[in-house]
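Student: Residue numbering for the sequence shown follows numbering that gives the first Met the number 0, starting at 0 and increasing by one per position.
Glycine included, each C-beta is placed from N, C-alpha and C at the ideal position.
Can you keep this structure in mind? I'll have questions shortly.
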Amino acid sequence: MIIAAKSPFRQGKFCLLTARRPLFLWFSLALLAASILHACVWFAARVFAAQGLLAAPEGARQMGLSLFWMVCATSLWLIQGPKNRVHAVGHVIGCAFLVCSLGSVMAFSNLTLSQNFELSFSNLLVFALVAVPMVASQVLLAVPSAMLFQLILLKRPLQAIKEAPAA
């Protein structure tokens with residue numbers, strides 16, 4: 000018995016999610032709403048971490064950085080739509096992880112190249128002990144905006160809605 004052959008996707012019962020049309024309008028709305036939600040989540044996280052004065056600038060900075068991973072995820076979706084909404088959130092979280100990881104690499108290279116920080120294993124280890132939890136927290140805080148982003152931008156094709164059984 001082959002389970003993969005009985006997959007609903009292989010039998011053509013489900014269609015991939017697609018971007019709503021007109022694309023620019025829905026993309027702009029999704030970017031705006033998800034970026035504002037992302038900034039609010041970061042603001043709340045900073046306020047609850049007793050860093051009240053730093054909350055607003057950090058929220059604004061994270062709002063700008065979130066645009067990178069949202070555009071990255073949208074590019075992936077325009078190439079091929081995700082199978083379902085869980086995969087869509089996974090794409091966004093994966094792009095957020097990539098952008099946050101690249102940001103940590105750039106921060107370490109800035110320390111070593113521009114600020115004459117000694118490149119040694121002990122300094123790399125200390126930086127990694129700070130960067131790994133920071134990247135994990137950034138990805139965790141990206142989940143609500145990732146969910147909102149894909150909910151606004153993606154839809155099921157009309158043929159999949161018509162063929163769906165009535166519940």
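1) Decide if P81 is buried, meaning its Cβ has at least 16 other Cβ atoms within 10 Å, or exposed.
2) Could you check how far apart the C-beta atoms of C99 and C71 are, in whole angstroms? I think they sit under 8 Å.
3) Below 8 Å on the Cβ atoms is my contact criterion, and I expect Q149 with V88 to pass it. Report the Cβ-Cβ distance as a whole number of Å.
4) Would you identify the three-state DSSP class for A18, choosing helix, strand or coil?
5) Please go through the same chain and pick out, in chain order, the residues whose beta-carbon is closer than 7 Å to the beta-carbon of M202, but skip the five residues on each side of it.
6) Three or more C-beta pairs closer than 8 Å, one from the segment 21–33 and one from the segment 128–148: is that the case here?
7) On the DSSP bridge list, what partners appear for K154?
Tutor: Working from what's here:
1) Here residue 81 corresponds to residue number 82 of the sequence shown, with the count starting at 1. Result: buried.
2) Residue 99 sits at position 100 when you count from the first residue of the sequence shown. Residue 71 sits at position 72 when you count from the first residue of the sequence shown. Incorrect: roughly 12 Å between the Cβ atoms, too far for contact.
3) Walking along the sequence shown from the start, residue 149 turns up at place 150. Walking along the sequence shown from the start, residue 88 turns up at place 89. Confirmed, about 6 Å.
4) Locating residue 18 in the sequence shown gives position 19, counting from the first residue. Reduced to three states, the DSSP call for A18 is strand.
5) There is no way to answer for residue 202, as the model of the chain reaches only from 0 to 166.
6) yes
7) Taking the sequence shown and counting its residues from 1, the one referred to as residue 154 is at position 155. DSSP, once it has assigned bridges, lists T17 as partnering K154.
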